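Participant: Encoded as structure tokens, here's the structure I'll be asking about.
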Amino acid sequence: MSSQEIPEEKNLPSAQDTEHGSVAVADENPFADPGLPPHEHRVQDIDEQAAKRSERAIAFMFTLSMLATVGFIASFVAIPADKSVFIWPIGHISGLNFALGMTLGVALFCIGAGAVHWARTLMSDVEVADERHAIEAEPEVKAKVMADFKAGAEESQFGRRKLIRNTMFGALALVPLSGVVLLRDLGPLPEDKLRHTKWAKGKMLVNMNTHEPLRPSDVQVGSLTFAMPEGMSEHDHDFQVQIAKAALMIVRIQPENIKDKRELAWSHEGVVAYSKICTHVGCPISLYEQQTHHVLCPCHQSTFDLSDGARVIFGPAGHALPQLRIGVNEEGYLEALGDFEEPVGPAFWERG
0 MSSQEIPEEK NLPSAQDTEH GSVAVADENP FADPGLPPHE HRVQDIDEQA
50 AKRSERAIAF MFTLSMLATV GFIASFVAIP ADKSVFIWPI GHISGLNFAL
100 GMTLGVALFC IGAGAVHWAR TLMSDVEVAD ERHAIEAEPE VKAKVMADFK
150 AGAEESQFGR RKLIRNTMFG ALALVPLSGV VLLRDLGPLP EDKLRHTKWA
200 KGKMLVNMNT HEPLRPSDVQ VGSLTFAMPE GMSEHDHDFQ VQIAKAALMI
250 VRIQPENIKD KRELAWSHEG VVAYSKICTH VGCPISLYEQ QTHHVLCPCH
300 QSTFDLSDGA RVIFGPAGHA LPQLRIGVNE EGYLEALGDF EEPVGPAFWE
350 RG
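Under numbering that gives the first Met the number 0, the first residue of the sequence shown carries the number 0, and numbering increases by one thereafter.
What follows is the structure, given as structure tokens:
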């Protein structure tokens, strides 16, 4: 073996190092703790005039938030829901939605921007390293937390900067009013509107397909006809609301096949009129079986017997369909002799 293949002794571990197969390792940590960078004071820390300017800027943002919240409420009250405005480059949009979105966005943004500017310019920015501690709160820890809280309150200058504090409280107090005002969108109280429909004494029954008044001869035995009160138009702004209560289905049954005495008295020559709205969850009834005189709700299969007061014979509906008392006017057209005696729709009786 040549001398080049023999390692030098200085590179070999000593017998002491290799005792028990271990190798000596240096105790020194090669990665030194760099520590925290030197703290640089902000201009607000050394110049009270600059601090005052920051204070006024923060207060301005909080005040602007309050004004935007007031604008939100004013827009909700003053701008009609159907008003359209042109906003370039969006185009025609709802003026109410645009105003509500802009004012609420400004109110929330100004609170956030004011808080961020406050933290960056006036609150203490000194970095502090804190050792981890046990989860259990010892008396010393509690005392330290309270001391830290007190120090943080002093460093934030919350008590000293009264202008910021008061305007922030004002902004935070007004913003929730936006949500309170939105409750108005739930609409006015129904009062007794659910108890009344567009039907009234003397209103003719108008075919919903032809929009022509109905005569008794237009309703054949075994047929199902849908009607609405005269004077209603699909172009009315509240048509959907009103037709949801006033929709009517008309069938003709041989008078001798009508089992319910009141139904027979409220009909005309076997022509009976019942609400089209199912008393389960308000689905429109549209299926009629002429041999049994049963109508079926397609949603949950509630079945009503139109020859026996429209009572429920199957399904989850809890009440019979309301009947409309009808007659014939001087011109021979079918007309209502009043409104429904009970409210139409699902489970209204339990709600009062």
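Yeah, the Cβ is synthetic: ideal placement off N, Cα and C, and Gly gets one too.
Keep in mind that this is a model prediction, so the values were computed, not measured.
1) Using only CA atoms, which one of Gly-331, Leu-35, Val-250, Ala-80 lies nearest to Asp-124?
2) Going by the beta-carbon positions, is the gap between Ser-72 and Ser-177 smaller than 9 Å?
3) For Ala-118, which three-state DSSP category applies?
4) When the distance is taken between beta carbons, is Leu-193 closer than 9 Å to Pro-342?
5) Using a Cβ-Cβ cut-off of 7 Å (strictly less than) and excluding sequence neighbours within five positions of Glu-8, which residues of its own chain qualify?
6) In the DSSP output, which residue or residues are listed as bridge partners for Gly-70?
7) Do you know whose CA, among Gln-289, Ala-316, Ala-245, Lys-260, lies nearest Leu-223's CA?
8) Quick one: grab the DSSP three-state call for Ile-284.
9) Count the other CB atoms within 10 Å of the CB of Arg-159; is the residue buried (16 or more) or exposed (fewer)?
10) For Ala-335, count the other beta carbons within 10 Å of its own beta carbon; 16 or more makes it buried, fewer makes it exposed. Which is it?
11) Report the residue ranges of all alpha helix (DSSP H) runs contained in full by the region 145-233; include only those spanning at least 4 residues, in chain order.
12) What are the boundary residues of the alpha helix (DSSP H) that includes Arg-261?
13) For Met-207, tell me which candidate among Leu-181, Phe-238, Phe-97, His-195 has the shortest Cα-Cα distance.
14) Might you give, ordered along the chain, the residues of its own chain that have their beta carbon closer than 6 Å to the beta carbon of Ile-110, omitting 5 neighbours on each side?
15) For Glu-130, name the three-state secondary structure that DSSP assigns.
16) By Cβ distance below 8 Å, which residues in the same chain neighbour Ser-74 in space, the five residues on each side in sequence not counted?
17) Could you give the distance in angstroms between the alpha-carbon of Gln-156 and the alpha-carbon of Ile-57?
18) Short of 6 Å in beta carbon distance, which residues of its chain neighbour Phe-225, apart from the five on each side in sequence? Order them along the chain.
19) Classify Leu-320 as helix, strand or coil using the three-state DSSP reduction.
Facilitator: Based on what the coordinates show:
1) Numbered from 1 along the sequence shown, position 125 holds the residue referred to as residue 124. Nearest C-alpha to Asp-124: Leu-35.
2) Taking the first residue of the sequence shown as 1, we reach residue 72 at position 73. Taking the first residue of the sequence shown as 1, we reach residue 177 at position 178. The sequence shown places Ile at residue 72, not Ser. Taking 9 Å as the Cβ cut-off, Ile-72 and Ser-177 qualify as a contacting pair.
3) In the sequence shown, the residue the question calls residue 118 occupies position 119. Three-state DSSP puts Ala-118 in a helix.
4) For the purposes of this step, residue 342 is identified with residue 343 of the sequence shown, where counting begins at 1. For the purposes of this step, residue 193 is identified with residue 194 of the sequence shown, where counting begins at 1. Going by C-beta atoms, Pro-342 is nearer than 9 Å to Leu-193.
5) Locating residue 8 in the sequence shown gives position 9, where the first residue counts as 1. Its pLDDT being 47, under 50, Glu-8 is placed unreliably by the model, and nothing is read from it.
6) Working through the sequence shown from its first residue, we reach residue 70 at position 71. According to DSSP, Gly-70 bridges with nothing at all.
7) Here residue 223 refers to the residue found at position 224 of the sequence shown. Residue Gln-289 is the option with its Cα nearest to Leu-223.
8) The residue given as residue 284 occupies position 285 in the sequence shown. Coil at Ile-284, not helix or strand.
9) The residue you call residue 159 lines up with position 160 of the sequence shown. Exposed, because fewer than 16 other Cβ atoms sit within 10 Å of the Cβ of Arg-159.
10) By 1-based counting over the sequence shown, the position of residue 335 is 336. Buried is the call here.
11) 161-173, 175-181
12) Along the sequence shown, read from residue 1 onward, the residue named residue 261 stands at position 262. Residues 260-264.
13) As a first step, residue 207 must be located in the sequence shown, where it is residue number 208. Comparing Cα-Cα distances from Met-207 to each of Leu-181, Phe-238, Phe-97, His-195, the minimum goes to Phe-238.
14) For the purposes of this step, residue 110 is taken as residue 111 along the sequence shown, with counting starting at 1. Cβ within range, chain order: Ser-64, Ala-170.
15) In the sequence shown, the residue the question calls residue 130 occupies position 131. Residue state, collapsed to three classes: coil.
16) Your numbering for residue 74 matches position 75 in the sequence shown. Counting only Cβ-Cβ distances below 8 Å, and skipping sequence neighbours, we find Leu-95, Ala-98, Leu-99, Thr-102.
17) Stepping through the sequence shown from its first residue, residue 156 is reached at position 157. Stepping through the sequence shown from its first residue, residue 57 is reached at position 58. Roughly 13 Å between the two C-alpha positions.
18) As a working mapping, residue 225 is identified with position 226 in the sequence shown. Contacts found: Met-207, Met-248.
19) Your numbering for residue 320 matches position 321 in the sequence shown. The answer is coil: DSSP assigns Leu-320 none of H, G, I, E or B.
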